[in-house]
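Numbered according to my numbering, the sequence shown spans residues 208 to 705.
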Amino acid sequence: MKTSRLLAAAALALLLTACGGGGGGGGSSAALPSFDSSPVALAATTNGLPSNWRDGVFIEIFVRAFKDSDGDGIGDLQGVISKLDYLQALGVHGIWLMPIYPSQDHDHGYAVTDYRNVAPEYGTLADLDALIAAAHARGIGVVLDYVMNHSAAQHPAFVNSASGPANSWRDWYVWQSTKPAGWSIYGSDPWHSSASGAYFAGFWDQMPDFNLTNSATVDWHTSNLRFWLNRGADGFRFDAVGNLVENGPSAWENQPQNHALMAGVQNLLSNYDQRFMVCEAPSAPLDYAQSTSCGRAFAFGYQYNLVKAASGNDTAAVSSIASYWQGAPAGLSGFASNHDGFAGDRLFNQMGGDKTRQQLVAATYLLQSHTPFIYYGEEIGMAQSASLGGDPKLRTPMSWSSDPKAAGFSTGTPFRTLSANAASANVAAEEGDSSSLLNFYRSLIALRNGRTSLEQGTYTGTQANGNVMSFQRSMGSAASDEKTLVVFNYGSSAATAS
208 MKTSRLLAAA ALALLLTACG GGGGGGGSSA ALPSFDSSPV ALAATTNGLP SNWRDGVFIE
268 IFVRAFKDSD GDGIGDLQGV ISKLDYLQAL GVHGIWLMPI YPSQDHDHGY AVTDYRNVAP
328 EYGTLADLDA LIAAAHARGI GVVLDYVMNH SAAQHPAFVN SASGPANSWR DWYVWQSTKP
388 AGWSIYGSDP WHSSASGAYF AGFWDQMPDF NLTNSATVDW HTSNLRFWLN RGADGFRFDA
448 VGNLVENGPS AWENQPQNHA LMAGVQNLLS NYDQRFMVCE APSAPLDYAQ STSCGRAFAF
508 GYQYNLVKAA SGNDTAAVSS IASYWQGAPA GLSGFASNHD GFAGDRLFNQ MGGDKTRQQL
568 VAATYLLQSH TPFIYYGEEI GMAQSASLGG DPKLRTPMSW SSDPKAAGFS TGTPFRTLSA
628 NAASANVAAE EGDSSSLLNF YRSLIALRNG RTSLEQGTYT GTQANGNVMS FQRSMGSAAS
688 DEKTLVVFNY GSSAATAS
């Protein structure tokens with residue numbers, strides 16, 4: 208996750224001063240804020256989902272923007288529950304919820320202030336329990352976004368850590384007495400000065416990095432994961448796993464400790480029934496998809512060539528997407544776009560609104576990869592906001608209807624401006640249109656769900672010739688084993704597949 212670095216140094220200085228940052232000692236720990244750091248034991252649960260649920264199509268949902276149930280203009284968990292029938296009709300087997308925890312940012316949620324609760328604007332723990340139960344009743348798993356790399360600066364653990372060099376929480380985060388020289392991450396200095404020393408925050412000064420070489424910190428994260436698994440969560444999407452441990456100014460990404468940490472999480476999940484995990488590692492997805500690391504990762508990089516191939520004028524991109532999956536780990540998940548701008552604009556915008564090109568993109572990644580991920584609204588051709596920039600333009604309210612005020616998202620005023628094409632590209636308009644993009648996605652996912660080879664089969668027999676690509680998904684080499692041949696023509700004229 209790449210979050211914009213906001214200018215909040217003054218606010219942080221006030222925060223650190225208020226918590227005794229200049230005191231130098233940790234003797235007044237009784238005055239420091241408390242939080243739930245208690246260990247959580249394994250309480251294995253059975254989710255009752257179909258055995259192949261982890262092989263199906265998933266959808267990424269930004270809860271804040273999906274559906275508002277109470278008219279406050281902010282999406283919530285009850286809103287997601289109200290749209291589970293829609294998701295079931297779409298054919299997805301899993302839901303990835305972007306962070307639902309209380310957060311300092313009050314938006315994307317990656318600046319977490321409480322790892323064992325639900326943001327009040329989204330609902331309650333009981334609402335999450337109800338969502339999980341209702342999703343399970345429809346054969347759909349619920350995967351939570353988990354942020355292990357960093358917390359919010361307002362998280363009590365960091366407030367405690369920043370209270371002075373001698374306090375017992377100090378080693379939960381990465382500190383030095385003064386800012387070291389020679390560091391640059393994503394074009395900025397990751398070290399930030401405070402009254403009690405310099406701390407490391409690779410993405411934003413308000414999201415300090417945990418010290419994940421400290422076993423106490425890792426044990427606490429493990430207990431947090433158990434907390435959610437014990438409640439019935441079906442797994443996790445892990446944020447920014449390439450940045451978990453830094454070993455120096457030229458060794459701050461994709462370090463060996465990152466893979467060991469994720470392998471440990473895999474081991475934790477293996478104690479639960481049919482759980483799932485996937486990792487965000489944009490610079491090294493193949494490494495993190497290995498069984499010795501996360502076991503599954505998003506296929507970053509693939510989506511760029513996917514869009515180029517579907518444009519119909521880039522045969523090199525066609526060859527690239529054809530070969531990408533040859534010999535690749537089975538744990539790679541394809542996608543076309545997501546909530547981060549660096550991954551690309553919304554698919555509608557990337558394809559210039561061309562429905563056929565959007566269909567080509569969807570059919571390619573949904574049929575090529577294991578456990579592909581749709582981004583909410585992609586299935587209706589939802590455009591990004593015309594008036595917003597950066598990541599927020601990609602995270603607009605879901606277009607449920609042509610209602611000019613809120614597009615059916617809320618009975619109140621939406622927290623953010625609507626999609627630029629909400630009046631025409633919305634669920635109500637497309638559900639009854641057999642030729643709509645929504646019904647194309649439904650038919651395509653139904654095809655995938657109905658053929659085991661498209662869900663689980665190996666990727667073989669790849670050919671790319673100009674704008675034509677073909678491949679086979681196969682359950683085995685025997686004549687009786689199910690095989691599916693898939694052929695694409697990305698060009699604008701008829702072609703022959705060889």
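All C-beta atoms, glycine included, are put in the ideal place defined by N, C-alpha and C. A quick note: this is a predicted structure, and the numbers were derived from the prediction, not measured.
Q: Give the single residue among Pro536, Met558 and Ala535 whose Cα lies nearest to the Cα of Ser544.
A: Among Pro536, Met558 and Ala535, the Cα nearest to that of Ser544 is on Met558.
Q) Does the beta-carbon distance from Val247 to Ser430 come in below 8 Å? A) Remark: C-beta atoms of Val247 and Ser430 approach each other more closely than 8 Å.
Q) CB Phe542 to CB Pro579, shorter than 8 Å? A) Contact: yes.
Q) What is the rounded straight-line gap between the Cα of Thr424 and the Cα of Ala408? A) Roughly 16 Å between the two C-alpha positions.
Q: Entirely within the stretch 267-346 and at least 3 residues each: give me those beta strand (DSSP E) ranges in chain order.
A: Complete beta strand (DSSP E) runs here, min 3: 301-304.
Q) In angstroms, rounded to a whole number, what distance separates the CA positions of Leu476 and Pro536? A) Each residue's alpha carbon lies about 20 Å from the other.
Q. Just the Cα atoms here: how many angstroms apart are Phe269 and Met355?
A. One C-alpha to the other measures close to 19 Å.
Q: Round the Cβ separation of Ala488 and Val448 to the nearest angstrom and send it over; I've been treating them as touching at under 8 Å.
A: Correct: roughly 5 Å between the Cβ atoms.
Q.
How far does the alpha helix (DSSP H) with Arg649 in it extend, from its first residue to its last?
A. Arg649: member of the alpha helix (DSSP H) spanning Leu644 to Asn656, first to last residue.
Q) Taking the continuous beta strand (DSSP E) assigned at Asp480, which residues delimit it? A) Counting along the chain, Asp480 falls outside any beta strand (DSSP E), and DSSP gives it neither H nor E.
Q. Cβ atoms of Asp610 and Asn254: under 8 Å apart, would you say?
A. No, these two residues do not count as a Cβ contact at 8 Å.
Q.
Just verifying my parser: in three-state terms, what is the DSSP assignment at Asp416?
A. Asp416 falls in the strand class under three-state DSSP.
Q: Going by DSSP, name the residue or residues bridged to Lys562.
A: DSSP lists no partner for Lys562.
Q) Since Asn628 contacts Ser608 with CB under 8 Å, what's their CB separation in whole angstroms? A) Their Cβ separation, rounded to whole angstroms, is 13 Å, which puts Asn628 and Ser608 out of contact at 8 Å.
Q. CA-CA distance, Arg433 and Trp379?
A. The alpha-carbon atoms of Arg433 and Trp379 are separated by roughly 19 Å.
(Q) Whole angstroms are fine: how far does the CA of Phe505 sit from the CA of Tyr406? (A) About 30 Å.
**Q.** Nonlocal neighbours in the same chain, by C-beta distance under 6 Å from Tyr511, ignoring five residues either side
**A.** For Tyr511, same chain residues with a beta-carbon under 6 Å away, outside a window of 5 residues either side, do not exist.
Q | Cβ separation of Lys612 and Gly588, assumed to be a contact under 8 Å, to the nearest whole Å | A | Contact between Lys612 and Gly588 fails: their C-beta atoms lie close to 21 Å from each other, not under 8 Å.
Q: Express the C-alpha separation of Leu645 and Gly639 in angstroms, rounding to a whole number.
A: A straight line joining the alpha-carbon of Gly639 with that of Leu645 spans about 10 Å.
**Q.** Sufficient close CB pairs (3 or more, under 8 Å) joining the stretch 596-603 to the stretch 663-681
**A.** With contact defined as three or more Cβ pairs closer than 8 Å, the stretch 596-603 and the stretch 663-681 are not in contact.
Q. Going by other Cβ atoms of all chains shown within 10 Å of its Cβ, with 16 needed for buried, is Leu249 buried or exposed?
A. Answer is exposed; the Cβ neighbour count stays below 16.
(Q) Quick check: the Cα distance between Val452 and Asn674, rounded to an integer number of angstroms? (A) Those two C-alpha atoms are separated by around 42 Å.
(Q) Is it buried or exposed, Ala516, if we count other Cβ atoms within 10 angstroms and call 16 or more buried? (A) Buried, by the Cβ-count rule.
Q: May I ask which residues mark the beginning and end of the beta strand (DSSP E) holding Asp352?
A: Annotation for Asp352: the continuous beta strand (DSSP E) segment containing it runs Gly348 to Tyr353.
Q) Which word fits Pro363, buried or exposed, when buried means at least 16 other C-beta atoms lie within 10 angstroms of its C-beta? A) Pro363 comes out buried.
Q) Using the rule of at least 16 other Cβ atoms within 10 Å of the residue's Cβ for burial, across every protein chain shown, is Asp283 buried or exposed? A) Buried: at least 16 other Cβ atoms inside 10 Å.
Q. Which runs of the alpha helix (DSSP H) spanning at least 4 residues fall entirely within the stretch 525-595, listed in chain order?
A. Counting only runs of 4+ residues, the alpha helix (DSSP H) found wholly inside the stretch 525-595 occupies 554-557 and 562-575, in chain order.
Q. Leaving out five residues before and five after Gly229 in sequence, what residues of the same chain have Cβ atoms less than 6 Å from its Cβ?
A. In this prediction, Gly229 scores a pLDDT of 29, lower than 50, which makes its location untrustworthy; the coordinate-derived value is nonetheless stated afterwards. Cβ within range, chain order: Ala402.
Q: Taking Ala167 as the reference, give the member of Val514, Gly534 and Ala529 with the closest Cα.
A: No answer is possible for residue 167: the residues shown for the chain start at 208 and end at 705.
Q) With a Cβ-Cβ cutoff of 8 Å, do Trp376 and Pro456 count as a contact? A) For Trp376 and Pro456, no; Cβs fall outside 8 Å.
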